[in-house]
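Notes for the one structure printed next.
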Amino acid sequence: QKEVEQNSGPLSVPEGAIASLNCTYSDRGSQSFFWYRQYSGKSPELIMSIYSNGDKEDGRFTAQLNKASQYVSLLIRDSQPSDSATYLCAVRGTSGSRLTFGEGTQLTVNP
Amino acid sequence: DVKVTQSSRYLVKRTGEKVFLECVQDMDHENMFWYRQDPGLGLRLIYFSYDVKMKEKGDIPEGYSVSREKKERFSLILESASTNQTSMYLCASSFQGHYGYTFGSGTRLTVV
């Protein structure tokens, strides 16, 4: 079992729709969770962090965390073509400051 | 604006060369990391450092070494470059604790 798994892509949504990206993790003691956006040929950029169960909203982005289910998700409302990118889920487990990354989900928003 | 700066955006090296990839951060971060990213394999941790002169092996340290003589600088060294080390190399840094990383812009290394 991979330590961090993301829903397989690619994911394609029409402009204006809600894009839903999912991630599960295996280390039950994990405390910190992050979503990165990576445009093609660029480096990852941190867009959301979440530490407590529940929802955290930032503009059009909402991160959701359920530690009991070991599940974290990212919702993008009113998706725009500029949201087309690969989204990486990252988890900090119990072994220090290093993050473990999922392989990413490629999102395409069609005009 | 906080920054992690990688010295080269693109590099082409020959097999057997010793290669140095430099990373400098201006955020006074304690932690620094080197990853490589390959299609279908995601981000894989090569080495990381929690403090000056300290280093820890990541998941794929073979063929690499690192140096951290100053807090702001973390260097990745390919002792004898091989074609299977052709990849995108990403440096990142963070504060100690429950913080995310800030990544540099990456170095795309091609070994021929």
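Going down the list, the protein sequences come from chains C and R. Each residue of the first sequence is one higher than the one before, counting from 1 in my numbering. Each residue of the second sequence is one higher than the one before, counting from 1001 in my numbering. Backbone N, C-alpha and C define an ideal beta-carbon position, used for all residues, glycine too.
One finds nothing in chain C with a Cβ atom closer than 8 Å to the Cβ of Leu1021 (chain R); even the nearest lies about 14 Å away. Cα atoms of Val1052 (chain R) and Leu1021 (chain R): separation of roughly 17 Å, rounded to the nearest angstrom.
Residue pairing by DSSP leaves Ser43 (chain C) without any beta bridge partner.
Boundaries cannot be given for Ser97 (chain C), as no beta strand (DSSP E) includes it and DSSP labels it neither H nor E. Rounded to whole angstroms, the separation of the alpha carbons of Leu1045 (chain R) and Tyr1064 (chain R) is 11 Å. The alpha-carbon of Gln1096 (chain R) is positioned some 32 Å away from that of Ala19 (chain C). Identification of chain C residues near Leu1078 (chain R) by a Cβ-Cβ cut-off of 8 Å yields none; the smallest Cβ-Cβ distance measures about 20 Å. Taking a contact as a CB-CB distance under 8 Å, the pair Trp35 (chain C) and Tyr71 (chain C) does not count as one, their CB atoms being some 13 Å apart. Listed in chain order, the non-local C-beta contacts of Gly1106 (chain R) below 7 Å within the same chain comprise Gln1006, Met1088, Tyr1089 and Leu1090, local neighbours out to five positions each way being set aside. Comparing alpha-carbon positions, the option among C:Arg98, C:Gly102, C:Val4 and C:Ser32 lying closest to Asn53 (chain C) turns out to be C:Ser32. Closer than 8 Å to the CB of Tyr1101 (chain R) there is at least one CB belonging to chain C. The Cβ of Glu103 (chain C) sits closer than 8 Å to at least one Cβ of chain R.
In this structure, Gly1104 (chain R) places its C-beta atom within 8 Å of the C-beta atom of Cys1023 (chain R). Under a criterion of Cβ atoms nearer than 7 Å, the residues of chain R adjacent to Phe34 (chain C) are, in order, Gly1100. Between His1098 (chain R) and Tyr51 (chain C), the C-beta gap is smaller than 8 Å, which places the two residues in contact. Residues of the region 79–108 of chain C that bring their beta carbon within less than 9 Å of a beta carbon in chain R comprise Leu88, Ala90, Arg92, Gly96, Ser97, Arg98, Leu99, Thr100, Phe101, Gly102, Glu103 and Gly104, in sequence order.
Within the same chain, Arg1044, Ser1087 and Met1088 come within 8 Å of Asp1038 (chain R) by CB-CB distance, once the 5 residues on both sides are set aside. Tyr25 (chain C) and Val91 (chain C) do touch by the CB rule: their CB atoms are close to 5 Å apart, below 8 Å.
In this structure, C:Cys89 is the residue among C:Met48, C:Gln80, C:Lys42 and C:Cys89 with its C-alpha nearest to the C-alpha of Asn7 (chain C). In terms of CA proximity to Lys2 (chain C), C:Gly102 leads the group C:Pro111, C:Met48, C:Arg98 and C:Gly102. Put simply, the CB of Ser49 (chain C) is near chain R, with a gap under 8 Å to one of its CB atoms. In terms of beta-carbon proximity, Phe1074 (chain R) stays away from the interface with chain C, with every pair separated by 8 Å or more. Interface flag for Ser1008 (chain R) against chain C is unset, since no Cβ pair is found closer than 8 Å.
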